[in-house]
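What follows is one structure encoded as structure tokens, with my remarks underneath.
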Amino acid sequence: MKTNRELLGMPEGRGLSLAVISIALLAAGGILLYTVNQLSSEMPQAAAAALPASTIDLMSAAQKGDVNAIDAALKAGAKPDQLVDTSGGRSGMTALMVACASGKTDAVKALLKGGASPNARAADGKTALMYAAGWGNPATVQALLDANARVNDRSEDGMTALMLAAVRGDMTSLAAIRNAGADVAARNKWGQTALMNAAVAGDAAKIESLLSAGAIANDQDRDGKSPLLLAAESDHGVEAVKALLKAHADPNVADSEGATPLMKASLKGDAEMVTALLTAGASVTQKDKGGMTALDWAANRTDAQGDAVKSILTQAKK
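When we follow this note's numbering, the leftmost residue of the sequence shown carries the number 749, and every step to the right adds one.
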């Protein structure tokens, strides 16, 4: 995965403006969420000329949660595990996956009863449990677990149901998948664990749940980003940062560019987060690979938030 500077075509060592760094952070964060945010554009749009009418009816009924229509389509010969191409042609899905992604629990149960496999794979390797974990609800997750859905299957990009629950799912879903034996140490193609995904989401409750299950607070992904740094980058990360610091996350672990959680928090102008990191021992003098300290990062801001952070950092240096 490219560094923030590489994403922007910037050479290493160059000081970045607030606008440029902000764009870089958005680009880097977007890489993780690229896969999990495509569902709305990938819902099945079956072509009538290419598929049997019973299959089209089954997919439509699954999305609507119409149990009677599901039963009728199955009786008419629809195959419950048939993959249907999506509108973008990227990720064929089964009717069960569609029902899970739509949060239609009764439809999920009807499809399972009608012979749908809980472990069938979409074209991109996702399973129904992954869709339920990321886009469904706890009831759809539990229905699949009761049907012996495998919890540690991976999609093509290495995402697991636990990771999807961590980054965008429900806390109850995450707990159910975790308790069903999900591997908290599993990594996706970017080297990120479920804990890192929860940190990206800025979800303190999920972070605490995963830590209690043995997740490593000071782990790092392929770019050297720790859960603490990812939480510091997130939009709602103050409580997530505090949860990780409570678990003794090291505030001075830097990523591959030398950036620390304190630098990220300083750039955001988050005085509460900066204070929490300093209290936990974050270094004010540590420099990134461009020679910039947290105070330098804060200097990119010219608003009241930036002034508050600069004042806190200046006092901390004394």
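We put the CB at the ideal spot given by N, CA and C, even for glycine. Quick caveat: nothing in here was measured; it's all calculated off a predicted structure.
Enclosing alpha helix (DSSP H) for residue i [first to last residue]
i       : result
Arg916  : 909-916
Gln940  : Here Gln940 belongs to no alpha helix (DSSP H), and DSSP marks it neither H nor E.
Arg926  : 919-927
Val1032 : Here Val1032 belongs to no alpha helix (DSSP H), and DSSP marks it neither H nor E.
Val899  : Unbroken run through Val899: none, as it is neither H nor E.
Thr1062 : 1052-1065
Check whether residue i and residue j have beta carbons under 8 Å apart
i       : j       : result
Leu844  : Ala821  : no
Val1032 : Ala1047 : no
Gly813  : Ala847  : yes
Val1001 : Ala1013 : no
Ile818  : Ala855  : yes
Ala1019 : Leu993  : no
Beta-carbon contacts of residue i that lie in its chain and below 7 Å, excluding the five residues immediately before and after
i      : result
Gly950 : Ala979, Ser982, Asp983, His984, Gly985, Ala988
Leu912 : Val784, Met878, Ala881, Gly882
Gly906 : Arg935, Asn936, Lys937
Lys954 : Ala914, Met919, Leu922, Ala946
Gly917 : Ala881, Gly882
Ala849 : Leu787, Tyr879, Trp883, Gly884
Sequence-distant residues of its chain with Cβ nearer than 6 Å to residue i (five each side left out)
i      : result
Leu877 : Leu892, Ala897, Ala909
Glu956 : Ala991
Proximal residues to residue i (C-beta, below 8 Å), its chain only, five neighbours per side dropped
i       : result
Ala952  : Glu987, Ala988, Lys990, Ala991
Asp967  : Thr941, Leu943, Met944, Ser974, Pro975
Lys1065 : Val1032, Thr1033, Leu1043
Ala932  : Here the sequence assigns Val to residue 932, which means Ala is not the residue at that position. Leu910, Arg926, Thr941, Ala942, Leu943, Leu958, Ala961, Gly962, Ala963, listed in sequence order.
Span separating the alpha-carbon of residue i from that of residue j
i       : j       : result
Arg1049 : Asp1036 : 18 Å
Leu702  : Ala997  : Within the shown structure, residues of the chain are numbered from 749 to 1066, placing residue 702 beyond reach of any answer.
Pro886  : Ser960  : 20 Å
Pro1009 : Lys1016 : 11 Å
Val832  : Leu859  : 15 Å
Thr901  : Ala928  : According to the sequence provided, residue 901 is Asp. The question's Thr does not apply to it. Distance between the alpha carbons of Asp901 and Ala928: 13 Å.
Buried versus exposed call for residue i [16 or more other C-beta atoms within 10 Å across all chains shown]
i       : result
Lys852  : buried
Ala798  : exposed
Gln890  : buried
Asp894  : exposed
Asp1051 : exposed
Lys857  : buried
Gly1054 : buried
Residue i beta carbon near the ligand MN (any heavy atom closer than 7 Å)
i      : result
Val948 : Inclusion of the ligand MN in the displayed structure is not the case, the ligand content being empty and no account of it being possible.
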